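Numbering (the working numbering), first residue to last: 432 to 931.
Data block below; observations after.
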């Protein structure tokens with residue numbers, strides 16, 4: 432049995448075992464002849480499929496070398512057409528027995544398979560059917576594929592296997608490759624935007640002695656030499672604000688965060704964010720930089736800031752809508768929390784009337800936030816800055832001068848999910864310490880997501896931090912939006928998976 436021709440049916444276990452043995456036998460034959468393909472240390476590659484297709488008129492009849500993976504093979508006796516895929520796409524190769532030599536042609540038929548990696552030398556031409564191709568003068572096996580590729584119509588529908596074997600997913604699915612190329616372009620564009628505005632990219636510790644900067648359950652580890660328990664960071668915020676204290680004024684970090692929480696189409700235990708901080712501005716400045724950055728990146732990478740996401744049009748043209756949390760709840764849930772401002776009991780009664788479960792004795796701010804999460808978020812399709820969060824859920828944020836129960840904070844919602852979070856940063860060390868103490872009390876009462884006391888950060892604030900705006904955005908969710916991907920796993924090369 433041979434698997435030279437493209438398959439369009441699933442293999443039985445017996446057929447698969449036979450194919451595996453055939454490939455092993457071919458490898459053994461090559462090795463016995465002293466031609467082990469795994470002993471090849473380099474390959475000639477003077478061009479790419481994209482360069483040939485983009486510049487055919489200039490390159491026609493020129494000799495080139497192309498290296499890549501055989502993805503299809505049409506054997507016509509004394510000539511064959513094979514499709515070789517490289518990083519950029521597909522190139523058809525025409526191989527004629529008279530041109531490569533009878534011995535080389537027979538060797539190819541005897542030892543090569545779909546999936547093998549080859550080096551092809553020849554000249555560029557266009558076939559009678561008009562397809563840009565390489566007319567091979569020589570072909571060389573540079574790595575053997577010992578496993579048959581998934582067949583076309585069944586093997587790529589198993590999303591679990593696609594995530595587990597991303598290496599197969601990448602060379603079988605051009606759309607998947609394109610997504611991760613675009614992810615790289617998105618991150619590059621973010622860096623370009625911020626660098627041109629005078630921001631400095633920095634790196635802060637991933638191993639932390641205190642799990643701070645966000646409300647989340649951390650992963651823990653242990654340093655043997657110091658006999659010290661450490662946390663994988665849940666946010667870089669407190670370190671970045673120390674740099675603002677140090678006078679760096681504009682800083683950002685793109686990196687991995689780790690949160691020991693649930694998994695879904697929107698959540699992975701490790702994920703990528705950008706956090707940026709700018710001295711001498713506030714959350715209004717962060718709104719402006721966020722919307723302008725997102726529009727810039729969309730235009731740079733997608734060519735437009737009007738996108739289609741899962742069948743719905745999303746407009747990233749600034750300015751985005753701005754709506755306070757109180758006004759959002761009033762608009763979408765029909766309750767005006769300002770009419771019973773700071774009255775926890777009336778807030779609880781209002782929530783219960785909306786069939787939102789709350790604990791008796793909850794504060795006005797906690798209830799407002801809960802009603803927003805359960806009754807408003809589902810309506811926020813277009814980019815919307817929800818502003819002025821209750822102080823209870825914003826332990827690192829400066830209070831509004833005229834409304835001390837609220838803070839100068841926003842979250843950006845797009846496609847009914849939160850994408851960015853930003854503050855006018857709290858720089859009062861006394862207020863900050865009191866909020867840490869409240870978080871510690873919540874933690875002692877059983878809230879595993881409450882933040883820990885960070886005395887050194889309080890000390891840093893005592894030296895004086897200028898008025899500062901800060902913003903954090905989920906890179907993975909932004910990539911989902913710009914690549915029209917339904918699940919976060921579609922934009923992570925190697926998402927977290929439970930072992931088989």
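Beta carbons are placed, not taken as given, at the ideal position from N, Cα and C, and that holds for glycine.
Computed from a predicted model, the values in this text were never measured in an experiment.
Burial state of residue i (16 or more Cβ within 10 Å)
{"i": "residue 858", "result": "buried"}
{"i": "residue 925", "result": "exposed"}
{"i": "residue 814", "result": "buried"}
{"i": "residue 487", "result": "exposed"}
{"i": "residue 631", "result": "exposed"}
{"i": "residue 916", "result": "buried"}
{"i": "residue 797", "result": "buried"}
{"i": "residue 741", "result": "exposed"}
{"i": "residue 838", "result": "buried"}
{"i": "residue 480", "result": "buried"}
{"i": "residue 585", "result": "Caution applies to residue 585, whose pLDDT of 47 falls short of 50 and renders its modelled position unreliable; the value that the coordinates give is listed next. Exposed, because fewer than 16 other Cβ atoms sit within 10 Å of the Cβ of residue 585."}
{"i": "residue 380", "result": "No statement about residue 380 is possible, as the shown extent of the chain runs from 432 to 931 and does not include it."}
Closest by C-alpha distance to residue i, when choosing among the options
{"i": "residue 680", "options": "686, 668, 696, 709", "result": "709"}
{"i": "residue 532", "options": "652, 568, 873", "result": "568"}
{"i": "residue 443", "options": "807, 579, 534", "result": "579"}
{"i": "residue 664", "options": "776, 734, 651, 766", "result": "651"}
{"i": "residue 867", "options": "811, 669, 574", "result": "669"}
{"i": "residue 816", "options": "834, 847, 797", "result": "847"}
{"i": "residue 493", "options": "450, 564, 620", "result": "564"}
{"i": "residue 783", "options": "717, 799, 772", "result": "799"}
{"i": "residue 659", "options": "640, 649, 856", "result": "640"}
{"i": "residue 469", "options": "574, 818, 742", "result": "574"}
{"i": "residue 718", "options": "897, 525, 576, 902", "result": "902"}
{"i": "residue 460", "options": "923, 562, 539, 513", "result": "539"}
{"i": "residue 743", "options": "544, 912, 519", "result": "912"}
{"i": "residue 472", "options": "549, 501, 517", "result": "549"}
{"i": "residue 849", "options": "869, 862, 837, 809", "result": "809"}
{"i": "residue 496", "options": "515, 505, 503", "result": "515"}
{"i": "residue 534", "options": "712, 571, 507", "result": "571"}
{"i": "residue 649", "options": "899, 904, 906, 878", "result": "878"}
{"i": "residue 645", "options": "662, 654, 653", "result": "662"}
{"i": "residue 706", "options": "614, 606, 854, 768", "result": "854"}
{"i": "residue 478", "options": "457, 498, 462", "result": "498"}
{"i": "residue 985", "options": "689, 785, 910, 873", "result": "Residue 985 lies beyond the stretch modelled for the chain, which goes from 432 to 931, so this question has no answer here."}
{"i": "residue 504", "options": "747, 523, 518", "result": "523"}
{"i": "residue 862", "options": "876, 872, 536, 889", "result": "889"}
Three-state secondary structure (DSSP) of residue i
{"i": "residue 536", "result": "helix"}
{"i": "residue 505", "result": "strand"}
{"i": "residue 584", "result": "Reliability of the predicted coordinates at residue 584 is poor, the pLDDT of 40 falling under 50, and the value obtained from them is presented with this limitation in mind. Coil, per DSSP."}
{"i": "residue 466", "result": "coil"}
{"i": "residue 800", "result": "helix"}
{"i": "residue 597", "result": "helix"}
{"i": "residue 762", "result": "helix"}
{"i": "residue 755", "result": "strand"}
{"i": "residue 456", "result": "helix"}
{"i": "residue 681", "result": "strand"}
{"i": "residue 564", "result": "strand"}
{"i": "residue 696", "result": "coil"}
{"i": "residue 842", "result": "strand"}
{"i": "residue 788", "result": "coil"}
{"i": "residue 716", "result": "helix"}
{"i": "residue 471", "result": "coil"}
{"i": "residue 607", "result": "helix"}
{"i": "residue 450", "result": "helix"}
{"i": "residue 929", "result": "coil"}
{"i": "residue 892", "result": "helix"}
Per DSSP, the bridge partner or partners of residue i
{"i": "residue 516", "result": "500, 521"}
{"i": "residue 821", "result": "837"}
{"i": "residue 701", "result": "689"}
{"i": "residue 900", "result": "709, 855"}
{"i": "residue 510", "result": "527"}
{"i": "residue 746", "result": "737"}
{"i": "residue 831", "result": "834"}
{"i": "residue 619", "result": "The partner list for residue 619 (beta bridge, DSSP) is empty, contrary to what the question assumes."}
{"i": "residue 662", "result": "639, 651"}
{"i": "residue 574", "result": "548"}
{"i": "residue 816", "result": "753, 843"}
Anticipated Cβ contact below 8 Å, residue i with residue j, distance rounded
{"i": "residue 555", "j": "residue 491", "result": "6 Å"}
{"i": "residue 677", "j": "residue 883", "result": "Not really, about 22 Å apart at Cβ, beyond 8 Å."}
{"i": "residue 525", "j": "residue 510", "result": "7 Å"}
{"i": "residue 513", "j": "residue 501", "result": "5 Å"}
{"i": "residue 699", "j": "residue 919", "result": "5 Å"}
{"i": "residue 704", "j": "residue 906", "result": "6 Å"}
{"i": "residue 756", "j": "residue 819", "result": "6 Å"}
{"i": "residue 763", "j": "residue 829", "result": "Not confirmed; about 27 Å, so no contact."}
{"i": "residue 897", "j": "residue 675", "result": "7 Å"}
{"i": "residue 789", "j": "residue 773", "result": "No, residue 789 and residue 773 are not in contact; Cβ-Cβ is about 16 Å, not under 8 Å."}
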